[in-house]
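Sequence order for the protein chains is A and B.
Everything in the first sequence is counted per my numbering, starting at 2 for the first residue and increasing by one.
Everything in the second sequence is counted per my numbering, starting at 4 for the first residue and increasing by one.
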Amino acid sequence: MKTLKILHMYADMLDLYGDGGNMEIMKYRCEKRGIGCQVDRYSVGSEMPDFSAYDLIYIGGGADLEQQHISADLMKCREGIVRAYEQGTFLFLICGGYQLMGKYYRDADGNDIPGLGLFDYYTVAPSSRKLRCIGNIVVRAEIGGKKVDVVGFENHGGQTKDVKTPFGKVLCGNGNCAKSSHEGYFEKNVIATYLHGPCLAKNPEVADYMISYCVNRGSDEPVKLAELDDSLEKQCRQVMLGRLLKK
Amino acid sequence: MKRLQILIGKIIVKLLRLMHRNAGNLPGIILWHISRHKAVSMFKVDCPIIAITGTNGKTSVTNCIAQLFEKSGKNIIINREGNNLDTGICSLLLRHCDMKGRVKADLLILETDESHVPVVYSQLKLDTLVVLDFFRDQLDRNGEMETLIQKINSFCKTFEGNLILNGDDPNTARLGRANPKNRNVKYFHAEKYAFATDKIFEASEGRFCPFCGEALEYDYYQYSHIGKFRCNKCGFGDYEPYITASGIDLEKPVFTADGHTYSPKLNSIYNVYNMTAVAAVAKLYGIDHKITDSVISRYTVKNGRMENFMLCDRKATLNLAKNPVGANMTLRVMNEMKGEKELLFVLNDNVADGLDVSWIWDINFSVFERVTRVVTSGTRAYDIAVRIKCSGYAPANIVVKPDLDDAVAELASTPGRKFVIANYTAVQPTRAALKRYAAKHGGESSENA
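This is the structure:
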């Protein structure tokens, strides 16, 4: 079977709340099925990669300071990322990675950090750093035709507005803005979300959706992924759903 | 007005005592409200204050510094119970002040929560601030770590007292530049030890120069992002250490600082850093070297910090790990030990733990050596099980027992050496469960077990 090629961008700077764990989970779920999974890294100062050569590009979240540091570098990658996305490379974006793909991010002091402008949404941080959306969150998403209650942890100041195609409906927690009805951004080859935890830990369906997309990309005969024993993950999610949704 | 507040505070303390309640925090909370959030401004403190802050090691260092002065015959006040927020410090001072709010002592030694340093010491004059380290810890309570460092940094901008900083932690050392006029900035530093690495071993933060954004260069990493670093662009990290720990040998264990050789009881690199901070304070205040030596060489920890228990004939070592750094350290100690062992990991997500448990993904479990079985427990027993599974550990060897007594019984059901890691709110219930098991099935719970 083919080897998945993943580009993990700014792993050394954007890695909050276990975001790096998502790559560990992608590798784990590929390897259990005998699918190769190669994760390359790109960061400030690295040689410019051929973005289109990757099946998936992953960017995690970071503190404001780190986001400022990378934004100029990210702009240099704009053309390459846009082309890859248009050619079907999957974009998996968490928190800061999510925000930076929009039009701009306005920080708490009112400074605009330009985004790549790949999507129409934009993000504004409230002027008080104390106002943050923090806590466990449940998002009902439709993944591969199935409803999945995705469980994670959100912690963001930024309020993301003008999202046309959200990742899912908020069942518990805040979402794109404080107390909003929807969370994240979704296209068939984009999952952008505020969910940390890491996002994939309790939600193997999300990981498998991306693996399946990458494996079957450009193929006429889609293959079905082998089932894995996810009993620990399922019980883990069940415990949290029971606690968060019973109110 | 201030006298009235003190009177009210004293009455509350008395009432709580009459009700046989611990007056640790409540009087401070009430005064915080009636004083419009300036709970400690009503006290008059004429003696020097030493404050200790940082993510890890506050309690150890505070207790050791207190011993330095106690053994020198000084009358000190210390927040031993770890009530380290402004309200806790207010409660402490209420118990020790007269009706005019005067606090009588030779020295105040206060463990202070990182986020409360500016609020407390804008109201009380600080003689010395010791900053140990900044790691990811309870991020969702404090907002992002950067915000926290910024807060302390703004305080340091106008602070002219002694600032004792961990020179091997870029997050901490940067505070030394906050006030260029302060001539009392002192760095402590430790030379490379046997398990130091060339590459970073555990996930961490702060790998970029906070002043110019350049990647920091490291000669070596002791653990996490602690090590000899330098920014080649702006020179951040170039400083003359006030005190240096050298000749570190954790097998013995032994290290040398300021020309004196110490033989501590605890054999971790953590402890070397903590004790070097203690030695720095001793040097600054001219403590008799014999006293410093007796404090550093006798210091040991209880309360779930490398505490030993016997479960029948099976030895179990419990360690608190409230963040990845603590957990990684425990895993290192466990790995460096020969023979097979089993691990119990107890993970809670109560408010004091910081609700979010994603920090467990920054623990490097792939280093497991000769770990034959893992039991998980706590309110997030499944989260830690999934985490360990995804590091490549065989799921068949993972047993999930959310109930603590079940988990301890499971752990003790097989022979051999045991390790127990528990996070902040899990550590006391875990101790209790280990003691219950020992009481019921034989064994003992003591530091000497």
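All C-beta atoms in this analysis are idealised placements derived from N, C-alpha and C, irrespective of residue type, glycine included.
Owing to the predicted nature of the structure, the values given are computational and were not obtained by experimental measurement.
Under 8 Å, Cβ to Cβ, is there at least one residue of chain A near residue i?
i, result
"LYS392 of chain B", "yes"
"TYR385 of chain B", "yes"
"GLY238 of chain B", "no"
"SER361 of chain B", "yes"
"LEU127 of chain B", "no"
"ASN145 of chain B", "Here ASN145 of chain B scores only 44 on pLDDT, less than 50, and its place in the model should not be relied on; the value that follows carries that caveat. Chain A contact via Cβ: absent."
"VAL328 of chain B", "no"
"PRO432 of chain B", "no"
"GLN141 of chain B", "Its pLDDT being 45, under 50, GLN141 of chain B is placed unreliably in this model, and the value from its coordinates should be taken loosely. Answer no: the Cβ-Cβ gap between GLN141 of chain B and chain A never drops below 8 Å."
"PHE464 of chain B", "Outside the modelled stretch of chain B, which goes from 4 to 452, sits residue 464 of chain B, for which no answer is possible."
"GLY381 of chain B", "no"
Pull the bridge partners of residue i from the DSSP assignment, please.
i, result
"GLY169 of chain A", "A:ALA142 and A:GLU184"
"PRO115 of chain A", "A:TYR105"
"GLY230 of chain B", "B:TYR224"
"HIS192 of chain B", "B:THR247"
"MET313 of chain B", "B:LYS318"
"PHE137 of chain B", "The partner list for PHE137 of chain B (beta bridge, DSSP) is empty, contrary to what the question assumes."
"ARG308 of chain B", "B:ASN322"
"LYS162 of chain A", "A:TYR123"
"ALA218 of chain B", "B:PHE211"
Verify whether the separation of the beta carbon atoms of residue i and residue j is less than 8 Å.
i, j, result
"PHE158 of chain B", "VAL120 of chain B", "yes"
"ALA283 of chain B", "PHE191 of chain B", "yes"
"GLU67 of chain A", "MET24 of chain A", "no"
"GLY198 of chain A", "SER394 of chain B", "no"
"SER44 of chain A", "ALA73 of chain A", "no"
"ALA54 of chain B", "TYR124 of chain B", "yes"
"TYR186 of chain A", "PRO167 of chain A", "yes"
"ASP209 of chain A", "ILE95 of chain A", "no"
"VAL328 of chain B", "LYS74 of chain B", "no"
"ASN156 of chain A", "LEU245 of chain A", "no"
"MET27 of chain A", "ILE60 of chain A", "no"
"LEU314 of chain B", "ALA441 of chain B", "yes"
"VAL281 of chain B", "LEU71 of chain B", "yes"
"VAL64 of chain B", "ASN277 of chain B", "yes"
"ASP109 of chain B", "ASN78 of chain B", "yes"
"VAL275 of chain B", "ALA319 of chain B", "no"
"ILE112 of chain B", "ALA181 of chain B", "no"
Expressed to the nearest angstrom, what Euclidean distance is found between the alpha-carbon atoms of residue i and residue j?
i, j, result
"ILE272 of chain B", "GLN225 of chain B", "8 Å"
"ILE81 of chain B", "VAL139 of chain A", "44 Å"
"ARG6 of chain B", "GLY243 of chain A", "51 Å"
"GLU163 of chain B", "PHE137 of chain B", "22 Å"
"ARG420 of chain B", "PHE154 of chain A", "35 Å"
"ARG288 of chain B", "THR303 of chain B", "As written in the sequence, residue 288 of chain B is Tyr, which differs from the Arg given in the question. Approximately 23 Å between the Cα atoms of the pair."
"ASP89 of chain B", "LYS47 of chain B", "15 Å"
"PRO51 of chain B", "PHE120 of chain A", "57 Å"
"TYR29 of chain A", "PRO205 of chain A", "11 Å"
"ASP143 of chain B", "SER220 of chain A", "Unreliable placement is indicated for ASP143 of chain B, whose pLDDT of 43 sits below 50; no coordinate value is reported for it."
"ASP462 of chain B", "ASN400 of chain B", "Since the first and last residues shown for chain B are 4 and 452, residue 462 of chain B lies out of range."
"LEU75 of chain A", "ASP113 of chain A", "15 Å"
"SER94 of chain B", "LYS107 of chain B", "15 Å"
"VAL374 of chain B", "ALA397 of chain B", "11 Å"
"ALA435 of chain B", "LEU414 of chain B", "15 Å"
"LEU29 of chain B", "GLY230 of chain B", "40 Å"
"CYS100 of chain B", "VAL188 of chain B", "31 Å"
"THR264 of chain B", "ASP252 of chain B", "11 Å"
"LYS160 of chain B", "ILE92 of chain B", "23 Å"
"GLY76 of chain B", "ILE294 of chain B", "11 Å"
"GLN141 of chain B", "GLY381 of chain B", "Below a pLDDT of 50, predicted positions are generally treated as unreliable, and GLN141 of chain B, at 45, falls in that range; the measurement from the model is reported next regardless. Going by the C-alpha atoms only, they are around 18 Å apart."
Any Cβ of chain B within less than 8 Å of the Cβ of residue i?
i, result
"GLU25 of chain A", "yes"
"CYS134 of chain A", "no"
"GLY62 of chain A", "no"
"ALA202 of chain A", "yes"
"CYS38 of chain A", "no"
"GLN100 of chain A", "no"
"TYR105 of chain A", "no"
Review point. Does the stretch 213-223 of chain B touch the stretch 234-245 of chain B, meaning 3 or more C-beta pairs lie closer than 8 Å?
Key: yes
Check your understanding: Using 8 Å as the Cβ pair cut-off and three pairs as the minimum, do the stretch 199-216 of chain A and the stretch 108-119 of chain A touch?
Key -> no
Review point. Three or more beta-carbon pairs under 8 Å between the stretch 344-355 of chain B and the stretch 410-427 of chain B, yes or no?
Key: yes
Practice item. Kindly confirm or deny that the stretch 374-389 of chain B and the stretch 233-244 of chain A touch, where touching means at least three C-beta pairs closer than 8 Å. Key: yes
Review point. Does the pairing of the stretch 121-134 of chain A with the stretch 157-164 of chain A give three or more beta-carbon distances under 8 Å?
Key: yes
Point to revise | Three CB pairs or more closer than 8 Å across the stretch 393-408 of chain B and the stretch 324-336 of chain B | key: no
Exercise for review: Could you tell me whether the stretch 142-151 of chain A touches the stretch 70-84 of chain A, where touching means 3 or more Cβ pairs closer than 8 Å?
Suggested key: no
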